[in-house]
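Protein chains: 2
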Amino acid sequence: MIDLEQIHASIASTPSKIVLLVADGLGGLAHPDTRRSELETADIPNLDALARESACGLTTPVEIGVAPGSGPGHLALFGYDPLKYLIGRGALEALGIGVELLPGDVAARGNFCAVNDEGLLTDRRAGRIPTAQSAPLCERLDRIEIPGVQVDVFPVQDYRFVLRLRGEGLSDQVDETDPQREGMAPKIARALNPEAQRTAEIVQQFVSEAGHMLAEDQPANMVLLRGWAQLPNLPDFGAVYHLNPAAIAAYPMYRGLASVANMRIIPTGMSFGDEVQTLRANWNDHDFFFIHYKPADTAGEDGDFEGKVRRLEELDAHIPHIMNLKPDVLMVAGDHATPAIMASHSWHPVPFLLHSQLTLGEGVDGFSERDCAQGSLGRIPAQAIMLLALSHAGKLAKYGP
Amino acid sequence: MIDLEQIHASIASTPSKIVLLVADGLGGLAHPDTRRSELETADIPNLDALARESACGLTTPVEIGVAPGSGPGHLALFGYDPLKYLIGRGALEALGIGVELLPGDVAARGNFCAVNDEGLLTDRRAGRIPTAQSAPLCERLDRIEIPGVQVDVFPVQDYRFVLRLRGEGLSDQVDETDPQREGMAPKIARALNPEAQRTAEIVQQFVSEAGHMLAEDQPANMVLLRGWAQLPNLPDFGAVYHLNPAAIAAYPMYRGLASVANMRIIPTGMSFGDEVQTLRANWNDHDFFFIHYKPADTAGEDGDFEGKVRRLEELDAHIPHIMNLKPDVLMVAGDHATPAIMASHSWHPVPFLLHSQLTLGEGVDGFSERDCAQGSLGRIPAQAIMLLALSHAGKLAKYGP
Numbered sequence: 001m002i003d004l005e006q007i008h009a010s011i012a013s014t015p016s017k018i019v020l021l022v023a024d025g026l027g028g029l030a031h032p033d034t035r036r037s038e039l040e041t042a043d044i045p046n047l048d049a050l051a052r053e054s055a056c057g058l059t060t061p062v063e064i065g066v067a068p069g070s071g072p073g074h075l076a077l078f079g080y081d082p083l084k085y086l087i088g089r090g091a092l093e094a095l096g097i098g099v100e101l102l103p104g105d106v107a108a109r110g111n112f113c114a115v116n117d118e119g120l121l122t123d124r125r126a127g128r129i130p131t132a133q134s135a136p137l138c139e140r141l142d143r144i145e146i147p148g149v150q151v152d153v154f155p156v157q158d159y160r161f162v163l164r165l166r167g168e169g170l171s172d173q174v175d176e177t178d179p180q181r182e183g184m185a186p187k188i189a190r191a192l193n194p195e196a197q198r199t200a201e202i203v204q205q206f207v208s209e210a211g212h213m214l215a216e217d218q219p220a221n222m223v224l225l226r227g228w229a230q231l232p233n234l235p236d237f238g239a240v241y242h243l244n245p246a247a248i249a250a251y252p253m254y255r256g257l258a259s260v261a262n263m264r265i266i267p268t269g270m271s272f273g274d275e276v277q278t279l280r281a282n283w284n285d286h287d288f289f290f291i292h293y294k295p296a297d298t299a300g301e302d303g304d305f306e307g308k309v310r311r312l313e314e315l316d317a318h319i320p321h322i323m324n325l326k327p328d329v330l331m332v333a334g335d336h337a338t339p340a341i342m343a344s345h346s347w348h349p350v351p352f353l354l355h356s357q358l359t360l361g362e363g364v365d366g367f368s369e370r371d372c373a374q375g376s377l378g379r380i381p382a383q384a385i386m387l388l389a390l391s392h393a394g395k396l397a398k399y400g401p
Numbered sequence: 001m002i003d004l005e006q007i008h009a010s011i012a013s014t015p016s017k018i019v020l021l022v023a024d025g026l027g028g029l030a031h032p033d034t035r036r037s038e039l040e041t042a043d044i045p046n047l048d049a050l051a052r053e054s055a056c057g058l059t060t061p062v063e064i065g066v067a068p069g070s071g072p073g074h075l076a077l078f079g080y081d082p083l084k085y086l087i088g089r090g091a092l093e094a095l096g097i098g099v100e101l102l103p104g105d106v107a108a109r110g111n112f113c114a115v116n117d118e119g120l121l122t123d124r125r126a127g128r129i130p131t132a133q134s135a136p137l138c139e140r141l142d143r144i145e146i147p148g149v150q151v152d153v154f155p156v157q158d159y160r161f162v163l164r165l166r167g168e169g170l171s172d173q174v175d176e177t178d179p180q181r182e183g184m185a186p187k188i189a190r191a192l193n194p195e196a197q198r199t200a201e202i203v204q205q206f207v208s209e210a211g212h213m214l215a216e217d218q219p220a221n222m223v224l225l226r227g228w229a230q231l232p233n234l235p236d237f238g239a240v241y242h243l244n245p246a247a248i249a250a251y252p253m254y255r256g257l258a259s260v261a262n263m264r265i266i267p268t269g270m271s272f273g274d275e276v277q278t279l280r281a282n283w284n285d286h287d288f289f290f291i292h293y294k295p296a297d298t299a300g301e302d303g304d305f306e307g308k309v310r311r312l313e314e315l316d317a318h319i320p321h322i323m324n325l326k327p328d329v330l331m332v333a334g335d336h337a338t339p340a341i342m343a344s345h346s347w348h349p350v351p352f353l354l355h356s357q358l359t360l361g362e363g364v365d366g367f368s369e370r371d372c373a374q375g376s377l378g379r380i381p382a383q384a385i386m387l388l389a390l391s392h393a394g395k396l397a398k399y400g401p
């Protein structure tokens, strides 16, 4: 792939507008009874019509045969090499609950746990205490003060929380404190390289104070920390592509991923109708919009084939409203497949269409895994779609004389 | 991609013959009224029949979504990585008018321009003086002598010329002298790195002498220079592939590109019929022929859909004459698409066929963008076709024991 920096000089800012609609978990697999996938089962006349006059293909999110998480899935669609830029677990967890992460911040996933009088783990998940019980504990931990660093603790769900450290010279090269087995003591926070020594000391100080603070609590009287992560140093999306980009996403995780690329995050409501309304209201202010549709993935993850079919049909009903805005380029993409029969993300290639006046309009029958396999784009890395979008929008000059 | 040097040892010289027919700007897009592309509209029974018994696919010239210039488009078809070997603008301009470039030579694009008494630009193109007026000025500039370097000036068209410097230790890392705006003085030729210092001084000396020589002329009383370039250091095509290659091209640019790869350039007439006649006359002397067809691209660049259709039909009529020579491998490829509706090069994948006794003969309906998308080759980098050709011609041994 061309490096983002390499093409920077060939991109011009123009008034043309690009919409990237990410239908999360878009791709699927055939139902064992009908041998038809979710997209093939769904009644999606608008997407089918769009596919017929678009360039179609299948995107590979990360690498052939590799199922991606949401982070790499989206970074690839934004044009970043997902093998080069990885958003670590703690950072993704923070983004997922809408916690602001700035460059240099370090985030970790935290667990409340239970230890006995000798400090040995008796329950790594503290009886899976509910959020109502863990949230006040998070408030207490949030009051821990460590000189030279800002400490913030945010509840996630049940026994899980996020710890965010903000300050100068922090590092995410700290080992987890979770020994992964009960009957052992939580591990001392250990620096994985010399530069992380100070961060490891801060973490250990946090753990000690947390232990004191929670000593009288039952069953959550200690914490475990893992997945230390800082944001990768992503090139600025708008600067690289000469775009003025905006993100519209109901779920915090996807706003977070867009914010890592430094897109403007536009507040929006929870339904996709709200998102499309937000798109319309802000249409004149940006030349690139990332708009995210979550429900198909949720149904897929739940193993709910019929639910995913309905969620795709609901998405389809919104397509004319987006097309009415007359985007110069509309891409419908998925960050990965989430086949309902697997109830998980998968590695399968993901249907993709790009609509513009400059596509062949190859006349595939509809929008599905099998139809898109016949498209002129063939099977392409997800990372390639931004260059396609820029070219179809008239923003990318030719390479070489 | 396999590096050219890596496969060198696996290639054997054999009597089998390969023809690479490059139909410049081959690919297109659908006419808005008929929804059929130039290839789909054209009556091309010979190419259609050939496609039915060939391996077909779509080539990506440089990178998905990137429109290439003629340089990268051809280098890729010859098997060179177009992102690694770039022919700069001055060098391509020189090749385009048939100026010999040797390794080490530096070439620039020149403009005649007009400056006022204070030396400030009043017309960056000197009133677009016609070639008849600029050619004698080029002859005068050609007489400039600078110690240690050979200076040659060649007219291109209207106010444009090529400056070629030949000598030891020259560099193309010199900034342009064109300030890109009128009302400013031409810029001093500046070295972009210390190694280019002497070249920059030579350039500045040329500019000064040109200014003296042209002082009394109207309106062309000064020159601007840009696009400094040397030839990339390409591996020798014949040596790498164990081929004895020849190029047949009516237009100088394509002879120039072939000469950069060190193919033998066979003189030929201006029509494609002349080129095919040249092919026949030299059939026994080479085992690889690059033969270039220009007119389809020209019509595409002119936005002349019907013209491009006719040019493709004219090409089709010559196919039986090439097939009569019984090449072991005939490839019909494009360096890039030039859709008439865009009147420019584009990034779209380009129809490709490879005919040999060893292809599947997949029975696609014909030779077009949509048909080739269904071919067994799928979508491949243009850079890959030389390996396909060598294998189908029985020249490339298997990889590994």
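As you go down the protein sequences, you meet chains A and B in turn. The numbers in UniProt numbering rise by one with no breaks, and the one at position 204 of the first sequence is 204. The numbers in UniProt numbering rise by one with no breaks, and the one at position 28 of the second sequence is 28. Even glycine gets a Cβ: it sits at the ideal position worked out from N, Cα and C. Since we're looking at a predicted model, the values are computed, not measured.
Any beta carbon of chain B sitting closer than 8 Å to that of residue i?
{"i": "I64(A)", "result": "no"}
{"i": "S368(A)", "result": "no"}
{"i": "G378(A)", "result": "yes"}
{"i": "Q374(A)", "result": "yes"}
Below 8 Å on the Cβ atoms is my guess for residue i versus residue j; work out the distance and round it to an integer in Å.
{"i": "A249(A)", "j": "G303(A)", "result": "Going by Cβ atoms, the distance from A249(A) to G303(A) rounds to 24 Å, so no, they are not a contact pair."}
{"i": "D178(A)", "j": "L224(A)", "result": "4 Å"}
{"i": "A126(A)", "j": "Y159(A)", "result": "5 Å"}
{"i": "I265(A)", "j": "N282(A)", "result": "At roughly 11 Å, the Cβ-Cβ gap does not stay under 8 Å, so I265(A) and N282(A) are not in contact."}
{"i": "L58(B)", "j": "F352(B)", "result": "6 Å"}
{"i": "H8(A)", "j": "Y254(A)", "result": "Wrong, their Cβ atoms sit about 25 Å apart, outside the cutoff."}
{"i": "L315(A)", "j": "E38(A)", "result": "Contact flag wrong, Cβ pair sits at about 11 Å."}
{"i": "N262(A)", "j": "F237(A)", "result": "6 Å"}
{"i": "L396(A)", "j": "I11(A)", "result": "6 Å"}
{"i": "F378(A)", "j": "R379(B)", "result": "The identity of residue 378(A) in the sequence shown is Gly, whereas the question assumes Phe. That pair is a contact at about 3 Å."}
{"i": "E195(B)", "j": "Q173(B)", "result": "7 Å"}
{"i": "R124(B)", "j": "C113(B)", "result": "5 Å"}
{"i": "V162(A)", "j": "E209(A)", "result": "With a Cβ gap of about 17 Å, V162(A) and E209(A) do not count as contacting."}
Quick one: is residue i near chain A, going by C-beta distance under 8 Å?
{"i": "A94(B)", "result": "no"}
{"i": "A215(B)", "result": "no"}
{"i": "M342(B)", "result": "yes"}
{"i": "R89(B)", "result": "yes"}
{"i": "P82(B)", "result": "yes"}
{"i": "A30(B)", "result": "yes"}
{"i": "H345(B)", "result": "yes"}
{"i": "L86(B)", "result": "yes"}
If you compare alpha carbons, which of the options is closest to residue i?
{"i": "A55(A)", "options": "K395(A), I11(A), A220(A), V329(A)", "result": "V329(A)"}
{"i": "I291(B)", "options": "G300(B), K308(B), G269(B), E306(B)", "result": "G269(B)"}
{"i": "M213(A)", "options": "D316(A), L315(A), D142(A), H74(A)", "result": "D142(A)"}
{"i": "L47(B)", "options": "S208(B), G363(B), L390(B)", "result": "G363(B)"}
{"i": "A30(A)", "options": "A185(A), A389(A), A337(A), L354(A)", "result": "A337(A)"}
{"i": "G375(A)", "options": "R52(A), F288(A), N284(A)", "result": "R52(A)"}
{"i": "P186(B)", "options": "P32(B), Q204(B), H348(B)", "result": "Q204(B)"}
{"i": "D335(A)", "options": "L77(A), Q6(A), P401(A)", "result": "L77(A)"}
{"i": "T14(B)", "options": "L170(B), Q197(B), C113(B), H392(B)", "result": "H392(B)"}
List the residues of chain C that residue i touches, going by C-beta distances under 7 Å, in chain order.
{"i": "A189(B)", "result": "In summary, chain C is missing from the structure at hand, where the protein chains are A and B."}
| said: Please give the ranges of any beta strand (DSSP E) in the stretch 323-366 of chain B, keeping only runs that are unbroken, at least 3 residues long and fully inside the region. | reply: As far as the stretch 323-366 of chain B is concerned, its whole beta strand (DSSP E) runs of at least 3 residues are 329-333, 350-355.
Q: Select from the stretch 381-400 of chain B all residues with a C-beta closer than 8 Å to any C-beta belonging to chain A, and list them in chain order.
A: Per Cβ criterion, the list is empty.
* Start-end ranges of the beta strand (DSSP E) lying completely within the stretch 106-149 of chain B, minimum 3 residues -> Listed in chain order, they are 106-115, 121-123.
At what residue ranges does the stretch 22-77 of chain A contain a whole run of the beta strand (DSSP E), taking only runs of 3 or more?
The stretch 22-77 of chain A contains these whole beta strand (DSSP E) runs: 55-60.
Taking a cut of 8 Å between CB atoms, which residues from the stretch 347-363 of chain A lie near chain B? Identification of residues in the stretch 347-363 of chain A having a C-beta nearer than 8 Å to some C-beta of chain B yields L358, T359, L360, G361, E362, G363, given in sequence order.
What residue ranges within the stretch 189-232 of chain B form continuous alpha helix (DSSP H) runs of no fewer than 4 residues, ordered along the chain?
-> Entirely contained in the stretch 189-232 of chain B, the alpha helix (DSSP H) runs reaching 4 residues are, in chain order, 197-214.
Query - chain A contacts made by the stretch 32-43 of chain B, where a contact means CB separation under 7 Å - result: Sequence-ordered contacts of the stretch 32-43 of chain B with chain A read R35, S37 [C-beta pairs closer than 7 Å].
> Which residues, in order along the stretch 68-81 of chain B, keep a beta-carbon less than 9 Å from a beta-carbon of chain A?
Replying inline: Answer in chain order: P68, G69, S70, G71, P72, G73, L75.
At 3 residues or longer, and completely inside the stretch 247-294 of chain B: list those beta strand (DSSP E) runs for me, N to C. DSSP runs (the beta strand (DSSP E)) wholly in the stretch 247-294 of chain B: 288-293.
Check distances from the C-beta atoms of the stretch 47-60 of chain B to those of chain A and list, in chain order, the residues that come in under 8 Å. Legend: CB atoms of the stretch 47-60 of chain B lying less than 8 Å from CB atoms of chain A belong to residues L58.
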